[in-house]
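Each residue of the sequence shown is one higher than the one before, starting from 1 at the first, in UniProt numbering.
Glycine included, every Cβ here is placed at the ideal spot set by N, Cα and C.
Because the structure is a prediction, the values reported are computed rather than measured.
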Amino acid sequence: MSMKKLQVLMVDDDWKLRNLLRIYLSKEGFDTVEAADGNEAMLKIKNHSFDLVILDVMMPNMDGWEVCQSIRKTQSVPILMLTALGETKEKVQGLELGADDYLTKPFDPEELIARVHALIRRASSTSTEKQITMC
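Right, here's the structure in full:
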């Protein structure tokens, strides 16, 4: 019996970065889905279930702040903000809007993968706790 691969939505207008993320994440056994802007991300989220969202802030059409807020209205999927905005006030804003973690560009791929694994681990343990509590 094979386990279902975890699905990660990568939302960034930089196709080179999305390609790089896809390589890193697929080496770790994740399936990846890409979105080039916030509108495309919201369509994919509406029609598909993800285990994690990696989200840039500065994008055309709908920025990452708006996407994060919209996701949080209906879902508890882990969100990792991955952005060039590195000021403390921006990090705080992202976390207050519902992001679970915040990593600034440029980033170390090892750190990104470690954070992804930590978020997935935390989300799956929370899910297990909910199932145990509901019994």
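From the listed residues L103, E66, T74, the smallest Cα separation to G38 is found for E66. The C-beta of M58 has fewer than 16 other C-beta atoms within 10 Å across all chains shown, which makes the residue exposed. Residue environment for R18: buried (at least 16 other C-beta atoms within 10 angstroms of its C-beta).
At the C-beta level, D101 and I79 come within 9 Å of one another. For M42, the enclosing alpha helix (DSSP H) has its first and last residue at 38-47. With fewer than 16 other beta carbons inside 10 angstroms of its own, T88 counts as exposed.
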